[in-house]
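Residue numbers (the working numbering): 964 to 1424. Structure, as structure tokens:
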């Protein structure tokens, strides 16, 4: 069966540099590296090892393989930095697909395009042949909510999807912005065309330009004739996430491409007509980003013809336990458990906590509790220490008192206790987010400060 999937991939994708096939638990069953000069790992180095052991810099949240195994939904053209257990760092564009048998996910297949240098080899989009269509995407029905604010968004999505106007989605990290973006696409007349997603954070300007606009062979060393995402998404939807992280030079070219409805490949001269609905997302106050110069005002006005504000989970108290019940049912099915709900103490902690990582954090916390819960209910002792330590007030202290696993005051060296506490908070922020930029924003510090603290505390991602 694995051979059949590999043969299909080789027929579907051009310019594959590496293939990894895992079982449903994430253990590698097949490995092929077509560019050993860039990736030093051999088959004997990785076969039958877990994907997170081979790439210890990844987590279940940042690994495309683990996310596909968890959600069953494919991930296309995602930029990842793969740090191997042997110390090598590899820049790659990954497309990851679930492997199903009788409607059950039995594994995942990951195809990669390696990048030797962002400035020497920018033809990095996995080129998809014309006979390939979009995979399973979220729809409006996948937006699980009981809050009026989210219901209003669900009601508006079909109306917004009916036009070609640009849409800007604003929401904190983990609120489900891509879920909304995909729902706009699947509700539109473009649903049978491609939905292309690109996270714009922490990608050098030259690299991002080649990703978006494509390249012409000979325009620089190693360049080939490659379409950019505007061309690949032609007739469909292009989703640009974290636009506030883009360099200004790229912002100007995106504005020009949207207004003129055409692009020019890097190193080329001929304009190429495009018909793309632009949906973008931002995880910070957009007006503040404009005022601080992180987003060009003219680009902001062009992207925000329609604006959707996704409220944080702390402002949707009705959704907190509605989503909790939903995720418990979901993980019961995935893990073969029969968890019934939360005990009263755990419910009180959930209510008191502010959920800075929003819905994504809630889902991760429940999944973590499923791994250690010994009974039919999730107890306070099954929850992460950082949540219990962050629940403030006398109610929280009384609630946690007497539980040896959750005691908030532990006598000992104050400096070491503070280091341990800071290490725990930063580690959890890294687990809850997909990038250092997101983790820093979640913690309310700069990326540089985060790197400094990680080095000081000996934290590895």
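C-beta: ideal position from N, C-alpha, C; glycine also. The structure displayed is predicted, hence computed values, not measured ones.
Distance between beta carbons of residue j and residue i, contact taken as under 8 Å
{"i": "residue 1054", "j": "residue 1077", "result": "7 Å"}
{"i": "residue 1230", "j": "residue 1178", "result": "6 Å"}
{"i": "residue 1107", "j": "residue 1286", "result": "6 Å"}
{"i": "residue 1415", "j": "residue 1387", "result": "Not quite, the Cβ-Cβ distance comes to about 18 Å (not below 8 Å), so this is no contact."}
{"i": "residue 1205", "j": "residue 1163", "result": "5 Å"}
{"i": "residue 1425", "j": "residue 1228", "result": "Nothing can be reported for residue 1425: it is not among the residues displayed for the chain, which extend from 964 to 1424."}
{"i": "residue 1291", "j": "residue 1304", "result": "6 Å"}
{"i": "residue 1199", "j": "residue 1156", "result": "3 Å"}
{"i": "residue 1110", "j": "residue 1282", "result": "5 Å"}
{"i": "residue 1147", "j": "residue 1196", "result": "Not quite, the Cβ-Cβ distance comes to about 13 Å (not below 8 Å), so this is no contact."}
Beta carbon of residue i nearer than 8 Å to that of residue j
{"i": "residue 1171", "j": "residue 1113", "result": "no"}
{"i": "residue 1268", "j": "residue 1132", "result": "no"}
{"i": "residue 1310", "j": "residue 1395", "result": "no"}
{"i": "residue 1389", "j": "residue 1422", "result": "yes"}
{"i": "residue 1327", "j": "residue 1138", "result": "no"}
{"i": "residue 1382", "j": "residue 1420", "result": "yes"}
{"i": "residue 1426", "j": "residue 1075", "result": "Outside the shown range of the chain (964 to 1424) lies residue 1426, about which nothing can therefore be said."}
{"i": "residue 1161", "j": "residue 1192", "result": "yes"}
{"i": "residue 1222", "j": "residue 1265", "result": "yes"}
{"i": "residue 1201", "j": "residue 1241", "result": "yes"}
{"i": "residue 1329", "j": "residue 1294", "result": "yes"}
{"i": "residue 1261", "j": "residue 1203", "result": "no"}
{"i": "residue 993", "j": "residue 984", "result": "yes"}
{"i": "residue 1246", "j": "residue 1409", "result": "no"}
{"i": "residue 1103", "j": "residue 1150", "result": "yes"}
{"i": "residue 1022", "j": "residue 1038", "result": "no"}
{"i": "residue 1101", "j": "residue 1142", "result": "yes"}
{"i": "residue 1056", "j": "residue 1032", "result": "no"}
{"i": "residue 1333", "j": "residue 1302", "result": "yes"}
{"i": "residue 1224", "j": "residue 1238", "result": "yes"}
{"i": "residue 1188", "j": "residue 1180", "result": "yes"}
{"i": "residue 1144", "j": "residue 1244", "result": "yes"}
{"i": "residue 1315", "j": "residue 1354", "result": "yes"}
{"i": "residue 1319", "j": "residue 1405", "result": "yes"}
{"i": "residue 1003", "j": "residue 1049", "result": "yes"}
{"i": "residue 1275", "j": "residue 1263", "result": "no"}
{"i": "residue 1397", "j": "residue 1024", "result": "yes"}
Helix, strand or coil at residue i according to DSSP, with G and I counted as helix
{"i": "residue 1160", "result": "strand"}
{"i": "residue 1227", "result": "coil"}
{"i": "residue 1334", "result": "helix"}
{"i": "residue 1044", "result": "strand"}
{"i": "residue 1417", "result": "helix"}
{"i": "residue 1013", "result": "strand"}
{"i": "residue 1431", "result": "Residue 1431 is absent from the structure shown; the chain starts at 964 and stops at 1424."}
{"i": "residue 1109", "result": "coil"}
{"i": "residue 1269", "result": "strand"}
{"i": "residue 1091", "result": "With a pLDDT of 37 at residue 1091, under the threshold of 50, the predicted position of this residue should be treated as unreliable, though the coordinate-derived value follows. Strand at residue 1091."}
{"i": "residue 1001", "result": "coil"}
{"i": "residue 1021", "result": "coil"}
{"i": "residue 1423", "result": "coil"}
{"i": "residue 1285", "result": "helix"}
{"i": "residue 1097", "result": "Caution is warranted here: a pLDDT of 43 is assigned to residue 1097, below 50, making its placement in the model unreliable, and the coordinate value is therefore given only provisionally. Here residue 1097 sits in coil by DSSP."}
{"i": "residue 990", "result": "strand"}
{"i": "residue 1212", "result": "helix"}
{"i": "residue 1180", "result": "coil"}
{"i": "residue 1152", "result": "coil"}
{"i": "residue 1102", "result": "coil"}
{"i": "residue 1038", "result": "strand"}
{"i": "residue 1412", "result": "helix"}
{"i": "residue 1295", "result": "helix"}
{"i": "residue 1197", "result": "coil"}
{"i": "residue 1257", "result": "coil"}
{"i": "residue 1346", "result": "coil"}
{"i": "residue 1384", "result": "helix"}
{"i": "residue 1319", "result": "coil"}
{"i": "residue 1238", "result": "coil"}
{"i": "residue 1125", "result": "coil"}
{"i": "residue 1248", "result": "coil"}
Sheet register partners of residue i (DSSP bridge)
{"i": "residue 1067", "result": "1064"}
{"i": "residue 1073", "result": "983, 1059"}
{"i": "residue 1204", "result": "1162"}
{"i": "residue 1262", "result": "In DSSP, residue 1262 forms no bridge with anything."}
{"i": "residue 1131", "result": "1243, 1270"}
{"i": "residue 1053", "result": "1045"}
{"i": "residue 1340", "result": "1304"}
{"i": "residue 1232", "result": "Residue 1232 pairs with nothing; no bridge assigned."}
{"i": "residue 1190", "result": "1177"}
beta-carbon residue i near the ligand HEM non-hydrogen atom, thresh 7 Å
{"i": "residue 1105", "result": "Of the ligands one can find in the structure shown there are none, so the ligand HEM has no counterpart to examine."}
- Query: Do three or more CB pairs link the segment 983-990 to the segment 999-1013 at distances below 8 Å?
  - Reply: yes
- Item | the segment 1021-1028 / the segment 994-1012 touching (three or more Cβ pairs under 8 Å) | no
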